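> Residue 238 in the working numbering sits at position 238 of the sequence shown, and the numbers go up by one each step.
Before I ask anything, let me first share the structure, which is written out below as structure tokens.
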Amino acid sequence: MRRYLALLLAALLLLVSCGKTEEADQGGYQIYYVNKEGTALAHEGYEPQATDTDALIGELLEQMNTAPKDASMRIAKPDGVTINGYSVEAEFIYMDFGPEYLTMNVVTEVLYRAAVVKTLTQIAGIEGVSFQVAGTPLSDQKGNAVGVMTDDSFVENTGETINAYSRDTLTLYFASEDGTHLRQERVNVVYNSNMSMEKLIMEQLIAGPQAEGYRAVLPADVTVLSISVTDGTCYVNFDGKLQNIEADITEDVALYAIVDSLTELTSIQRVQIAVNGETQTALRESRRLDQSYVRNLDLLEE
1 MRRYLALLLA
11 ALLLLVSCGK
21 TEEADQGGYQ
31 IYYVNKEGTA
41 LAHEGYEPQA
51 TDTDALIGEL
61 LEQMNTAPKD
71 ASMRIAKPDG
81 VTINGYSVEA
91 EFIYMDFGPE
101 YLTMNVVTEV
111 LYRAAVVKTL
121 TQIAGIEGVS
131 FQVAGTPLSD
141 QKGNAVGVMT
151 DDSFVENTGE
161 TINAYSRDTL
171 TLYFASEDGT
181 HLRQERVNVV
191 YNSNMSMEKL
201 IMEQLIAGPQ
211 AEGYRAVLPA
221 DVTVLSISVT
231 DGTCYVNFDG
241 KLQNIEADIT
251 EDVALYAIVD
261 SLTELTSIQR
271 VQIAVNGETQ
281 TALRESRRLD
291 QSYVRNLDLL
301 EE
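Shown next, in the form of structure tokens:
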């Protein structure tokens, strides 16, 4: 997540107010807007009338285009941007926009996209949203298809200062279904670029995979106590919950999911893991942590 720093979008000024996990202030759904300055997400409670999925999508999109009651917020979508239509396939919504979508500046576009995804993924059974422009899949600045976005695609910061936000594609490693091999997943994220890339990688590993057939290797409640990079070695210090990896995921898969994900950064060649500050221990019983580890793709599923 780090070799990409040179490619990160410059100076997206973005103050993020709250995330999907926050308790709703009112109403059954949160409609996402932007703040008055157009620099941050904001949301307002709403109780929809529709009950079936297709009608509910239409109602929520219409509400997003209705001025919020709170005067400190405004509609995220610029007036000139049109939605040609949408369809639902399995748990995903596919939205198509008119060509004027591409005229939005980076800040406006990222915020609007986040607002749509975070609003619509509250619907039961909807896991992600994909954007197209005039029938062509939306691409990032490097020409890569953005693909399906979930609520977790937008990493937020609840701090009180204005921060720079960027978007990029991460290469992460998770466990195969039987826990004996690694599987590679490329994930599109929007994140606070004041956060270190190695920390972002660990957050995404803990959050788990987005695709079917992949398993998270790290316990959902594990905490990264500290993480730093010195002379090409990344030092990651976990709390004791690191040892609660599921029993059928092998130690090597768990270890190299961390190591191989972090060494996707050109600034990291080795990874040293500690548990509560201690390296004179092992991951479970067999993988000693008193040494650093280098990239190893031998476990990657073919």
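For each residue, glycine too, the CB sits at the ideal point set by N, CA and C.
Since the structure is predicted, the reported quantities are computational estimates derived from the model, not experimental observations.
(1) Closest by CA to residue 110, which one among 61, 135 and 34?
(2) For residue 115, is the classification buried or exposed, using 16 other Cβ atoms within 10 angstroms of its Cβ as the cut-off for buried?
(3) Since residue 95 is in the beta strand (DSSP E), which residue starts that stretch and which ends it?
(4) Report yes if the CB atom of residue 222 is closer than 7 Å to the CB atom of residue 267, and no otherwise.
(5) In whole angstroms, what is the alpha-carbon distance linking residue 32 and residue 121?
(6) By Cβ distance below 7 Å, which residues in the same chain neighbour residue 322 in space, the five residues on each side in sequence not counted?
(7) Please name the residue, chosen from 187, 182, 246 and 206, that lies closest to residue 171 on a Cα-to-Cα basis.
(8) Could you tell me how far apart the beta carbons of residue 149 and residue 129 are, in whole angstroms, since I believe they sit closer than 8 Å?
(9) Starting from residue 280, trace the alpha helix (DSSP H) in both directions and tell me its first and last residue.
(10) Can you give the Cα-Cα distance for residue 299 and residue 46, rounded to whole angstroms?
(11) Check whether the stretch 199 to 213 touches the stretch 242 to 253, taking contact to mean three or more Cβ pairs, one atom from each stretch, closer than 8 Å.
(12) Helix, strand or coil for residue 22? Go by DSSP, reduced to three states.
(13) Quick one: what's got a C-beta closer than 8 Å to residue 135's C-beta in the same chain, skipping five residues either side?
(14) Go to residue 225, then tell me how far its beta strand (DSSP E) extends in each direction, as first and last residue.
(15) From which residue to which residue does the beta strand (DSSP E) around residue 233 run?
(16) Run the CB neighbour count on residue 153, radius 10 Å, all protein chains shown included, and call it buried at 16 or more, exposed below.
(17) Classify residue 294: buried if its beta carbon has 16 or more other beta carbons within 10 angstroms, exposed otherwise.
(18) Return the Cβ separation of residue 220 and residue 201 in integer angstroms, given the expectation that the two are a contact with Cβ distance under 8 Å.
Per the coordinate set shown:
(1) Walking along the sequence shown from the start, residue 110 turns up at place 110. It is 34 whose Cα lies nearest to the Cα of residue 110.
(2) Within the sequence shown, residue 115 is the residue found at index 115, counting from 1. The residue in question, residue 115, is buried, as its Cβ has 16 or more Cβ neighbours within 10 Å.
(3) For the purposes of this step, residue 95 is taken as residue 95 along the sequence shown, with counting starting at 1. First-last of the beta strand (DSSP E) with residue 95: 92 to 97.
(4) As a first step, residue 222 is located in the sequence shown; it is residue number 222 there, counting from the start. As a first step, residue 267 is located in the sequence shown; it is residue number 267 there, counting from the start. Their beta carbons are not under 7 Å apart, which means residue 222 does not touch residue 267 by this criterion.
(5) In the sequence shown, counting from the first residue as 1, residue 32 sits at position 32. In the sequence shown, counting from the first residue as 1, residue 121 sits at position 121. Near 11 Å, if we compare the C-alpha coordinates of residue 121 and residue 32.
(6) Because residue 322 is not part of the residues shown, which for the chain are 1 to 302, the question remains open.
(7) Position 171 of the sequence shown, counted from the first residue, corresponds to residue 171. Checked all of 187, 182, 246 and 206; the closest Cα to residue 171 is 187.
(8) As a position in the sequence shown, residue 149 is number 149, starting the count at 1. As a position in the sequence shown, residue 129 is number 129, starting the count at 1. The pair is a contact, with the Cβ atoms about 6 Å apart (cut-off 8 Å).
(9) Residue numbering aside, residue 280 sits at position 280 when the sequence shown is read from its first letter. Counting along the chain, residue 280 falls outside any alpha helix (DSSP H), and DSSP gives it neither H nor E.
(10) Your numbering for residue 299 matches position 299 in the sequence shown. Your numbering for residue 46 matches position 46 in the sequence shown. Approximately 48 Å, taken between the alpha carbons.
(11) no
(12) For the purposes of this step, residue 22 is taken as the residue at position 22 of the sequence shown. Note on residue 22: pLDDT 40, under 50, position unreliable in the model; the coordinate value appears next. Residue 22 falls in the coil class under three-state DSSP.
(13) Walking along the sequence shown from the start, residue 135 turns up at place 135. Only 96 meet the Cβ criterion.
(14) Position 225 of the sequence shown, counted from the first residue, corresponds to residue 225. Element bounds for residue 225: 224 to 230.
(15) Your numbering for residue 233 matches position 233 in the sequence shown. 233 to 238 is the extent of the beta strand (DSSP E) around residue 233.
(16) Against the sequence shown, residue 153 aligns to sequence position 153. Its Cβ being crowded by 16 or more others within 10 Å, residue 153 is buried.
(17) As a first step, residue 294 must be located in the sequence shown, where it is residue number 294. Per the 10 Å Cβ criterion, exposed.
(18) Locating residue 220 in the sequence shown gives position 220, where the first residue counts as 1. Locating residue 201 in the sequence shown gives position 201, where the first residue counts as 1. Not really, about 16 Å apart at Cβ, beyond 8 Å.
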